[in-house]
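S.K.:
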Amino acid sequence: MMELDIKKKLSGANGPFELRVQTEIKKGEFLTLYGPSGAGKTSVIRMLAGLMKPDQGRISVNEQLWFDSVQGVHLKTRLRSIGMVFQEYSLFPNMTVRGNLVFALPKGENESWVDHILGMVGLLSLQDKKPGLLSGGQKQRVALARALVRKPQLLLLDEPLSALDTAMRNKLQDDILQLHAELGLTTVLISHDYHEVKKMSDRVLVIEEGQLVKQGKAEDIF
Amino acid sequence: MDYTPFWISIKLAGITTAVLFVIGVPLAYWLAFNPRRYKVLFEAIVSLPLVLPPTVLGFYILLVLSPESGLGAWFEEYLDLRLVFTFEGLVIASVFYSLPFMVQPLQSGFRSVPITLVEASYSLGKSTWTTLLRVILPNMTGALLTAGILTFAHTIGEFGVVLMVGGNIPGLTQVISISIYDEVEAMNYGLANEYSLILLLFSFVILSLVYLFNYQKRKAVRLL
Numbered sequence: 012m013m014e015l016d017i018k019k020k021l022s023g024a025n026g027p028f029e030l031r032v033q034t035e036i037k038k039g040e041f042l043t044l045y046g047p048s049g050a051g052k053t054s055v056i057r058m059l060a061g062l063m064k065p066d067q068g069r070i071s072v073n074e075q076l077w078f079d080s081v082q083g084v085h086l087k088t089r090l091r092s093i094g095m096v097f098q099e100y101s102l103f104p105n106m107t108v109r110g111n112l113v114f115a116l117p118k119g120e121n122e123s124w125v126d127h128i129l130g131m132v133g134l135l136s137l138q139d140k141k142p143g144l145l146s147g148g149q150k151q152r153v154a155l156a157r158a159l160v161r162k163p164q165l166l167l168l169d170e171p172l173s174a175l176d177t178a179m180r181n182k183l184q185d186d187i188l189q190l191h192a193e194l195g196l197t198t199v200l201i202s203h204d205y206h207e208v209k210k211m212s213d214r215v216l217v218i219e220e221g222q223l224v225k226q227g228k229a230e231d232i233f
Numbered sequence: 000m001d002y003t004p005f006w007i008s009i010k011l012a013g014i015t016t017a018v019l020f021v022i023g024v025p026l027a028y029w030l031a032f033n034p035r036r037y038k039v040l041f042e043a044i045v046s047l048p049l050v051l052p053p054t055v056l057g058f059y060i061l062l063v064l065s066p067e068s069g070l071g072a073w074f075e076e077y078l079d080l081r082l083v084f085t086f087e088g089l090v091i092a093s094v095f096y097s098l099p100f101m102v103q104p105l106q107s108g109f110r111s112v113p114i115t116l117v118e119a120s121y122s123l124g125k126s127t128w129t130t131l132l133r134v135i136l137p138n139m140t141g142a143l144l145t146a147g148i149l150t151f152a153h154t155i156g157e158f159g160v161v162l163m164v165g166g167n168i169p170g171l172t173q174v175i176s177i178s179i180y181d182e183v184e185a186m187n188y189g190l191a192n193e194y195s196l197i198l199l200l201f202s203f204v205i206l207s208l209v210y211l212f213n214y215q216k217r218k219a220v221r222l223l
């Protein structure tokens, strides 16, 4: 169980506004943040990851406190059990596909887990290639695999599929759903794509101008 | 032809470059990623040797390192090390003189690494140190090479600072640029020409290699 209650002043195209999100995320839930650009969705994910500090509030994950403005707690990103996939791939160009995954492996962990993950996402044949030689879909699959190497409690996906064509997007949506179920992940996805939201989410939060305007099952919202 | 001045120059440039890597990497990292406004003062200090006449820099370094000053006296008393008119003093002076040539390319190198790579590394549980060594530095090899070579080449070409701090002691602080000056003063144009030509070719080859490396890198990036 994860509790999220955050406030943060942000500045957007129409001037400053306050982002205010309060929700609980159940273990194993697939939650999607939906809404127009600049509404504050990415800021929510960045605050969950510890890459941005909320002005006020509290984030706790399975009884562990990640952020609390009253107690002055702000757990560093590297100490939070997260996996993160960015829109722009963010693979390390100096490492091979396998190297990217091995880098993510916590100290002392066996490399056979890397083989397992590579197999799950169908990347074994590309493991010795450098990311620069891969297609967009392949890169994003590597990024997804890399984010899962640590067996994170929380998987954060910031519009990971928006740069891909429809066929590749569908394929990766299936992959994500399969991994989410197989590894028992709790996932937060940002998406602009209505079909994607409908297909993937257990629950949707609609955020506009920093405010949580609607939430519920995708079929109730759209 | 006496090659000693060459060796002194190469030794000086090599040691200066090594010392500046140790100082320059953390300093450039701090300057590149520190959001505070007061850092511009440090940027200005780092760039001072670019605009100051080397004699000004040399003069103040000479004052600070001299046995009459606190620092110079401390070095003599506790480390038994005299810093003016010695090779060690030259290294210290060169480090200041070539500082911008190390720090500025490194600073732009740090800024050229996409911030999402750094954030990805943190999100994978890696420390700042691991991220620096495994992610940031390997993805700015062009900047590291440029910084190293420019520092080395710039130190080789040093004249005013060396003359002020190191003097002109053959076999000890007489570097190649000063030898050339000496030979010209003594009307030995032939030898001055030989020294100069070697230095000219050396600088040309070094700079060509830097530009070639960066060209290849840009081409490789375009292909990706």
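Top to bottom, those sequences are chains A and B.
Reading the first sequence from the start, the letters are residues 12 to 233 in the numbering used here.
Reading the second sequence from the start, the letters are residues 0 to 223 in the numbering used here.
Glycine is no exception: its CB is placed at the ideal position from the N, C-alpha and C atoms.
#1: From this set, Gly51/A, Leu183/A, Thr43/A, which residue's C-alpha is nearest Gln17/A's C-alpha?
#2: I need the boundaries of the alpha helix (DSSP H) containing Ser136/A, first residue and last residue.
#3: Is there contact between the stretch 154-163 of chain A and the stretch 99-118 of chain A, where contact requires at least three CB pairs shorter than 8 angstroms?
#4: Which of helix, strand or coil does DSSP assign to Val99/A?
#5: Quick check on Leu123/B - is its C-beta less than 8 angstroms from some C-beta in chain A?
#6: Can you confirm whether Arg8/A, when its beta carbon is compared against all beta carbons of chain B, has any partner nearer than 8 angstroms?
#7: With a Cβ-Cβ cutoff of 8 angstroms, do Tyr121/B and Thr88/A count as a contact?
#8: Let me check understanding here. Comparing Cα to Cα, which of Gly195/A, Gln149/A, His127/A lies closest to Leu137/A?
#9: For the alpha helix (DSSP H) containing Gly57/B, name the first residue and the last one.
#10: Tell me, please, whether the CB atom of Met240/A is closer than 8 angstroms to any CB atom in chain B?
#11: How would you list, in chain order, the residues of chain B whose beta-carbon sits under 8 angstroms from the beta-carbon of Asn181/A?
#12: Taking Cβ positions, are Gly147/B and Phe212/B nearer each other than 8 angstroms?
#13: Quick test of the definition: if touching needs 3 or more C-beta pairs under 8 angstroms, does the stretch 42-56 of chain B touch the stretch 126-138 of chain B?
#14: Along chain A, which residues have their Cβ under 7 angstroms away from the Cβ of Leu131/B?
#15: Measure the alpha-carbon distance for Leu56/B versus Gly156/B and round it to whole angstroms.
#16: Could you say which of Leu89/B, Ser65/B, Phe100/B lies nearest to Phe158/B if we only look at CA atoms?
#17: When you compare the CB of Pro171/A with every CB in chain B, is at least one pair closer than 8 angstroms?
#18: Taking Cβ-Cβ distances shorter than 8 angstroms, what residues in chain B pair up with Ser22/A?
#19: Hey, how far is the Cα of Val164/B from the Cα of Pro171/A?
#20: Go through the stretch 161-189 of chain B residue by residue and report every complete run of the beta strand (DSSP E) that reaches 3 residues or more, in order.
#21: Kindly list, in the order they appear in chain A, the residues whose Cβ is closer than 9 angstroms to that of Glu157/B.
M.R.: Looking at the coordinates:
#1: What sits at residue 17/A in the sequence shown is Ile, not Gln. Of the residues Gly51/A, Leu183/A, Thr43/A, the one whose Cα lies closest to the Cα of Ile17/A is Gly51/A.
#2: Careful: Ser136/A lies outside any alpha helix (DSSP H) and carries neither H nor E.
#3: These segments touch.
#4: The sequence given here places Glu at residue 99/A; Val does not occur at that position. Annotated three-state conformation of Glu99/A is coil, per DSSP.
#5: Chain A, which has a Cβ nearer than 8 angstroms to the Cβ of Leu123/B, makes this yes.
#6: This structure cannot speak to residue 8/A, because chain A is shown only from 12 to 233.
#7: Yes; because the gap between Cβ atoms is below 8 angstroms, this pair is in contact.
#8: Of the listed residues, the one whose Cα sits closest to Leu137/A is Gln149/A.
#9: In the DSSP assignment, Gly57/B falls within the alpha helix (DSSP H) that extends over 53-64.
#10: Residue 240/A lies beyond the residue range present for chain A, which begins at 12 and ends at 233; the question has no answer from this structure.
#11: Simply none; closest approach about 25 angstroms.
#12: Judged by their CB atoms, Gly147/B and Phe212/B are not nearer to each other than the 8 angstroms cut-off.
#13: Using a Cβ-Cβ distance cut-off of 8 angstroms, the stretch 42-56 of chain B and the stretch 126-138 of chain B are not in contact, since fewer than three pairs of beta carbons, one from each stretch, lie closer than that value.
#14: The premise fails here: Leu131/B is roughly 13 angstroms from chain A at the closest Cβ pair, so nothing lies under 7 angstroms.
#15: If I take the Cα positions, the gap works out to 15 angstroms.
#16: Among Leu89/B, Ser65/B, Phe100/B, the Cα nearest to that of Phe158/B is on Leu89/B.
#17: Closer than 8 angstroms: no.
#18: Contact annotation for Ser22/A against chain B: no contact, minimum CB-CB distance about 16 angstroms [criterion: below 8 angstroms].
#19: If you draw a straight line from the Cα of Val164/B to the Cα of Pro171/A, it comes to about 59 angstroms.
#20: Taking only runs of at least 3 residues, no beta strand (DSSP E) segment lies wholly in the stretch 161-189 of chain B.
#21: In chain order: nothing, as chain A lies at least about 34 angstroms away.
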